[in-house]
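Everything in the sequence shown is counted per our numbering, starting at 56 for the first residue and increasing by one. Heads up, the beta-carbon is just placed ideally off N, CA and C, and yes, glycines get one too.
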Amino acid sequence: MQTIKVMEEHCCMDRGVRYRLLLSDPITREFVESLPNVSNVFWLEKNNLGLYRFVLEGRITVSGIPEKTETNVLYALHETEKAEQALEKVFPGFLQAKP
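Here you go:
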């Protein structure tokens, strides 16, 4: 799974950083289960609708809609360096796609 484009970057009032990513493939349950250091996995699918959310390395929240190639990423501003390194491992091309 590769990052195609960072569609939006936003700094929140609570000193968080949010990215909206366009990926080459949708995030699947199998993909999430294969990742190391994942916690708080929430996956809901009903009548072809749903959502997912999980925490990566205890500091990065990833959320979106199953079967869609768009996903949201949120982390604390003071964790930027570690978070971006982790995101590059999970979504190759993230650093090059950043604005």
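Asked: Same chain, Cβ closer than 6 Å to E63, five either side skipped, listed in chain order; Found: R75
Asked: N- and C-terminal bounds of the beta strand (DSSP E) containing F109; Found: L104 to L111
Asked: Segment limits, beta strand (DSSP E) that includes S79; Found: Looking at the DSSP string, S79 is not in any beta strand (DSSP E), and its letter there is neither H nor E.
Asked: Buried versus exposed call for T135 [16 or more other C-beta atoms within 10 Å across all chains shown]; Found: exposed
Asked: Backbone CA spacing between Y107 and D80 [nearest angstrom]; Found: 15 Å
Asked: Of the residues K123, T116 and V96, the one placed nearest L77, counting alpha carbons only; Found: K123
Asked: Separation of Q151 from H133, as counted between CA atoms; Found: 21 Å
Asked: Cutoff 6 Å; reference Q57; Cβ partners in own chain excluding five residues on either side; Found: S79, P147 and G148
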